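J.:
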Amino acid sequence: EAFAAKRYIGKKRFGLEGGESLIAILDQMIELCPEHGVREVTMGMAHRGRVNVLANILNKRWEQIFTEFDESWEEDFIGGGGDVKYHQGYSTNHVTSSGGMVRISLSANPSHLEFGASVVLGRARGKQRLASDLNREHVVPIVLHGDAALPGQGVVAECLNMMKLDGYTVGGTLHVVINNQVGFTTDPSDDWRGNYCTDIAKAFELPIFHVNGDDVEACAWVARLAFEWRQTFKTDAFIDMVCFRKNGH
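Using the working numbering, you'd call the opening residue of the sequence shown number 58 and step up by one each time.
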């Protein structure tokens with residue numbers, strides 16, 4: 058983040074400064090995968106923190122990321138060439154500290170923020186079907202939200218409604234909200250009714266874990282708790298990481 062800010066002054070990167078604990082949350086979830094029989098993780102997220110997640114979770118090469126910042130590299134059309142760097146997806150084989158292998162796929166996502174959630178769920182469902190994963194244990198979807206888009210876009214409620222429908226269920230989705238308390242330029246008081254941006258999850262009787270983004274150990278602990286909930290009860294679980302946004306766009 059610091060290098061990008063110094064080397065590419067003024068370039069949009071949707072930095073994770075103020076919400077760095079997201080990396081700890083995702084790391085702990087992926088570390089738990091092998092012991093719970095999870096072989097693959099499908100992920101989706103909006104812009105905030107995407108470049109950081111690509112570098113630190115999906116191990117995308119820094120040379121490739123910085124080349125995209127230089128805008129001197131052109132990918133072929135099928136791979137999604139021409140789109141901005143904070144829309145692009147990536148897939149990798151991640152080796153955990155225990156030596157286990159987890160396939161991680163981050164879906165490409167447009168500026169329509171939460172539209173990516175439905176893509177991630179469909180991708181997870183397809184992978185479960187191909188793997189004959191009838192118990193929905195080997196492929197786990199993780200969706201990252203912004204605190205404004207979560208209550209602001211109806212596709213979230215639509216995806217939650219499909220959680221337990223036989224034709225659409227994926228055995229539970231892990232939701233992480235990067236709650237930096239500002240939606241582009243909008244204050245929380247103008248964003249949603251109620252105390253929390255995650256109140257929509259109450260309609261579906263889902264667990265919501267509110268955690269302080271400045272407490273990294275608490276974030277890591279709650280990540281493990283949410284993951285184990287999903288594997289045990291096969292429903293969605295929400296982590297509301299309350300943090301801040303240090304810089305602008």
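Glycine included, each C-beta is placed from N, C-alpha and C at the ideal position.
Note that this is a predicted model, so its numbers are computed, not measured.
Is the segment 108-128 in contact with the segment 236-243, if contact means three or more CB pairs nearer than 8 Å?
T.: no
J.: Per the DSSP calculation, T124 is bridged to which residue(s)?
T.: For T124, which the question treats as bridged, DSSP gives no partner whatsoever.
J.: Report the rounded CA-to-CA distance for A61 versus G72, giving the unit in angstroms.
T.: 9 Å
J.: Per DSSP, F266 forms a beta bridge with which residues?
T.: Answer by DSSP bridge pairing, in chain order: I296.
J.: On the criterion of 16 or more Cβ atoms from any shown chain inside 10 Å, does F295 qualify as buried, or is it exposed?
T.: buried
J.: Within the same chain, show all residues whose beta-carbon is closer than 7 Å to that of A181, passing over the 5 residues directly before and after it, in chain order.
T.: T99, V196, P198, V227
J.: With C-beta atoms as the reference, is Q85 less than 8 Å away from A277?
T.: yes
J.: Out of V234, H169, S164, W286, which has the shortest C-alpha to C-alpha gap to S78?
T.: V234
J.: Taking the alpha-carbon of D272 as reference, which of I66, T124, I80 has the nearest alpha-carbon?
T.: I80
J.: Given that a residue counts as buried once 16 or more other Cβ atoms are within 10 Å of its Cβ, and exposed if not, what is L222?
T.: So L222 ends up on the exposed side.
J.: Sorted by chain position, which residues of the same chain lie with C-beta nearer than 6 Å to F134's C-beta, five sequence neighbours on each side aside?
T.: With a pLDDT of 47 at F134, under the threshold of 50, the modelled position of this residue cannot be trusted, and the question is left open.
J.: Can you tell which of E194, T124, F290, L231 has the C-alpha that lies nearest to the C-alpha of I82?
T.: L231
J.: Report the rounded CA-to-CA distance for R64 versus E58, giving the unit in angstroms.
T.: 10 Å
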